[in-house]
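To start, the structure itself, in structure tokens.
Numbering (the numbering used here), first residue to last: 480 to 824.
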């Protein structure tokens, strides 16, 4: 068996996998359909302006640090971080906003001004959120192979059964009365592509990532992270192909042995895909797919969004680096997306 591994897509998961596999001695090639690397985290330059095309919230810095440490490197070998203060600003109407500070103690003060007694409730909520974070990252993310749902049943998670049955909205509502504070605490799970009312309470670990660890940014923009992972990959021997579309994946005797890129066949021993699951399956003959088109048609897809990259010739005032606008009925908006299937309207 040859040791050629092809990875579809060049987002963070693909770049990370390429580094680990190259370190293990495989010949790794990353295939990217676009003209630049980074997947949804690509960079766009136009008329002197530079835009991060996708993510801009640098959360869970410990995960990034651990990644680089696995290669005897430090994150600071590649890029510098700065903690945002405020982390973000939440608008509830004109001249009506709450700025989220850069430390939990400061945030508790902000909550207390909004709702008497809420600082104590927030501390309790965050203690639980931190506990969930430690389990999610240390015991699940780093230890579970992700093969079976039964992996979730551990000595620690068995005592968290309530957190998997209840949801974020219910747990937040038990501790806070202010609709503004509720909106702020329910917001982080939107990154998971779901409503707070449909997300298990265990995912409060996202609140710890937010309030507990803070919001950071690489000094030159989020593409610094992409560049760092590419540089690390290249030092390990990873090859990167851009403008390369995967036409199909071929199987012989139930094993993948060929990937067709821009009409050209390449021998391989393994293919890893960072692309959407349904799209990856579409590259296989129907008989080799695990799920049918009917199966996918019944699934609820996490929505994307329409993004505009706008450059100004002056500084915009009264806004922070990140701004959330909750000045309209957000619950109705979420229902339109997830319950009424009105994503395109």
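Built from N, CA and C at the ideal position, the CB exists for glycine as well. Predicted model, so just to flag it, every value in this text is computed and none were measured.
- Three or more beta-carbon pairs separated by less than 8 Å are not found between the region 720-732 and the region 640-648, which leaves the two stretches without contact.
- If you draw a 10 Å sphere on the C-beta of residue 696, you find 16 or more other C-beta atoms in it, and that means buried.
- Comparing alpha-carbon positions, the option among 549, 807, 746, 712 lying closest to residue 517 turns out to be 712.
- As computed with DSSP, residue 525 is found in a beta bridge with 528.
- Taking the Cα positions, residue 763 is about 10 Å away from residue 769.
- Contact check for residue 502 and residue 715: beta-carbon distance about 6 Å, within the 8 Å limit, so the pair qualifies.
- Within the same chain, and ignoring the five residues on either side of residue 676 in sequence, the residues whose Cβ sits closer than 6 Å to its Cβ are 646, 648.
- Look at residue 737 here: in three-state DSSP terms it is strand.
- In this structure, the straight-line span from the alpha carbon of residue 591 to that of residue 599 is close to 8 Å.
- Residue environment analysis places residue 576 among the buried positions, since at least 16 neighbouring C-beta atoms fall within 10 angstroms of its C-beta.
- Following the DSSP letters along the chain, one finds residue 717 in no beta strand (DSSP E), marked with neither H nor E.
- The criterion of a C-beta distance shorter than 7 Å is satisfied by residue 799 and residue 565.
- Cβ contact annotation for residue 626 (same chain, cutoff 8 Å, sequence separation greater than five): none.
- In this structure, the straight-line span from the alpha carbon of residue 692 to that of residue 542 is close to 11 Å.
- Here residue 722 carries a coil assignment [DSSP, helix/strand/coil].
- The C-beta separation of residue 490 from residue 753 comes to about 5 Å, placing the pair in contact by the 8 Å criterion.
- In the three-state DSSP reduction, residue 665 falls in the helix class (H, G or I).
- Excluding five sequence positions before and after residue 635, the CB atoms of its chain that fall closer than 7 Å to its own CB belong to 614, 618, given in chain order.
- As DSSP reads the structure, residue 679 sits in a beta bridge with 646.
- Closest by C-alpha distance to residue 699, out of 553, 557, 552, is 557.
- Distance from the Cα of residue 669 is smallest, within the candidate group 652, 482, 739, 682, for 682.
- In this structure, residue 487 sits near residue 510, with a CB-CB distance shorter than 7 Å.
- At the C-beta level, residue 546 and residue 553 stay beyond 7 Å of one another.
- Non-local beta-carbon contacts of residue 657 in its own chain, meaning distances under 8 Å to residues more than five positions away in sequence, involve 593, 594, 597 in chain order.
- Contact check between the region 773-782 and the region 519-536: fewer than three CB pairs, one atom from each, fall below 8 Å, which does not count as touching.
- Distance from the CA of residue 530 to the CA of residue 733, rounded to the nearest whole angstrom, comes to 43 Å.
- Relative to residue 660, the option among 588, 812, 742 whose CA is nearest is 588.
- By the neighbour-count criterion, in which a residue is buried when 16 or more other Cβ atoms sit within 10 angstroms of its Cβ, residue 674 is buried.
- Proximity to residue 807 across 794, 622, 572 peaks at 572, based on C-alpha coordinates.
- In the DSSP assignment, residue 696 falls within the beta strand (DSSP E) that extends over 695-697.
- Judged by DSSP in its simplified three-state form, residue 518 adopts helix.
- In the three-state DSSP reduction, residue 745 falls in the strand class (E or B).
- Residue 506 is positioned such that its CB atom lies closer than 7 Å to that of residue 482.
- Shown here for residue 586: same chain residues with a beta carbon closer than 8 Å to its own, the five before and five after excluded, namely 579, 580, 601, 690 in chain order.
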